[in-house]
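Take the sequence shown: its letters are residues 5 to 256, numbered as in the numbering used here. Where a beta carbon is used, it is the ideal one built from N, C-alpha and C, also for glycine.
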Amino acid sequence: MTGLTRATPRDPFWVSPPAALMLAGDEVHVWRVDVRSAYARRNDLWRVLAKDERQKATDLVFEGDRKRFVVSRGVLRVLLGRYLRAQPGSLVFGYNPYGKPFLVGAPGVRFSTSHSHDLVLLAFVRDRDIGVDVEHLRDDLGLDEIASRHFATREVATLRSLTNSSRKEAFFACWTRKEAFVKAKGRGLTLPFSRFEVTLTPGQPAMLLKVEEDIREPFRWAMQELIPGPGYAAALVVDEHNLRSSCWQYTG
Numbered sequence: 005m006t007g008l009t010r011a012t013p014r015d016p017f018w019v020s021p022p023a024a025l026m027l028a029g030d031e032v033h034v035w036r037v038d039v040r041s042a043y044a045r046r047n048d049l050w051r052v053l054a055k056d057e058r059q060k061a062t063d064l065v066f067e068g069d070r071k072r073f074v075v076s077r078g079v080l081r082v083l084l085g086r087y088l089r090a091q092p093g094s095l096v097f098g099y100n101p102y103g104k105p106f107l108v109g110a111p112g113v114r115f116s117t118s119h120s121h122d123l124v125l126l127a128f129v130r131d132r133d134i135g136v137d138v139e140h141l142r143d144d145l146g147l148d149e150i151a152s153r154h155f156a157t158r159e160v161a162t163l164r165s166l167t168n169s170s171r172k173e174a175f176f177a178c179w180t181r182k183e184a185f186v187k188a189k190g191r192g193l194t195l196p197f198s199r200f201e202v203t204l205t206p207g208q209p210a211m212l213l214k215v216e217e218d219i220r221e222p223f224r225w226a227m228q229e230l231i232p233g234p235g236y237a238a239a240l241v242v243d244e245h246n247l248r249s250s251c252w253q254y255t256g
């Protein structure tokens with residue numbers, strides 16, 4: 005298992021994208037979007053949203069949730085339009101039985117999105133299952149209690165063995181890796197976090213270690229830690245090990 009390889013390992017983690025976007029079959033593209041700067045162009049994003057997306061945004065009670073939704077879905081449409089050479093507003097999304105979105109009429113390009121606090125991540129690949137997750141490192145959570153309820157037994161033991169200074173980092177590394185895997189599988193809550201194991205010790209490469217229902221799964225799925233910025237954790241999962249990942253900074 006060779007995992008995912010960064011296309012430009014010597015560059016900063018997030019770099020400016022090329023003028024013309026091409027998504028080859030051996031590539032994964034991950035985009036980082038700053039919600040505050042992108043929302044400054046909210047009128048442009050609003051114009052590409054479908055009627056039901058505008059209604060969902062309007063129905064959201066909290067302004068922060070509304071901003072994140074408009075930016076996440078609007079930028080998703082903009083980027084898909086650039087990859088497919090299509091009008092962003094013309095794209096149609098469908099949903100699998102567990103709520104995972106996909107493009108109707110363009111099955112070759114698959115994607116995953118995640119947002120937390122002031123960041124949105126979007127990941128794209130061709131003909132592969134993919135999942136991405138980003139989390140803001142909050143201090144107001146009972147990490148040990150959450151881990152005991154949701155993590156696998158060995159993960160809980162590993163977390164408890166760490167010093168207090170590294171426990172939060174390990175918790176969110178574990179959480180984002182699990183969330184990204186569940187998103188890639190597209191099964192929602194039918195795949196409990198406690199039924200599979202990932203690495204979480206700081207300094208360890210991101211890796212799927214065990215899936216109870218199928219011992220072959222770790223050989224199928226590649227996992228990569230992303231570095232979204234100070235105060236955040238993130239992970240990427242895709243069902244192919246020999247891919248090159250590029251991480252782009254979205255600027256509009």
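Asked	Found
First and last residue of the uninterrupted alpha helix (DSSP H) at Phe155	Counting along the chain, Phe155 falls outside any alpha helix (DSSP H), and DSSP gives it neither H nor E.
Within 7 Å, strictly: CB atoms of Ala174 and Val241	no
Cα-Cα separation, Phe200 to Lys214	5 Å
Alpha-carbon to alpha-carbon, Pro111 and Arg130	9 Å
Top-ranked residue by Cα proximity to Val79, from Asn100, Val138, His119, Asp56	His119
Residues bridged to Val138 (per DSSP)	Ala238
Residue burial classification, Arg36 (beta-carbon count within 10 angstroms, cutoff 16)	buried
Beta carbon of Glu139 nearer than 7 Å to that of Ala226	no
Cβ pair Pro92, Arg77 closer than 7 Å	no
Per-residue DSSP class, three states only, for Tyr254	coil
Range covered by the alpha helix (DSSP H) that runs through Pro105	Careful: Pro105 lies outside any alpha helix (DSSP H), inside the beta strand (DSSP E) at 105-107.
Spatial distance of Lys55 from Thr162 (CA atoms)	47 Å
Close Cβ partners of Val75 (< 7 Å) along its chain, the five nearest in sequence each way excluded	Val37, Val39, Ala42, Tyr43, Leu49, Val124
Inter-stretch contact (C-beta, 8 Å, three-pair minimum) for the segment 204-211 and the segment 148-163	yes
Three-state secondary structure (DSSP) of Val82	helix
Per-residue burial, Pro234 [other beta carbons within 10 Å of its own, 16 or more giving buried]	exposed
Whole-angstrom distance between Glu57 and Glu31, CA atom to CA atom	29 Å
Residue closest to Leu8, alpha-carbon to alpha-carbon, out of Pro209, Tyr99, Gly256, Trp252	Pro209
Collapsed DSSP secondary structure at Met5 in the structure displayed	Here Met5 scores only 46 on pLDDT, less than 50, and its place in the model should not be relied on; the value that follows carries that caveat. Correct three-state label for Met5: coil.
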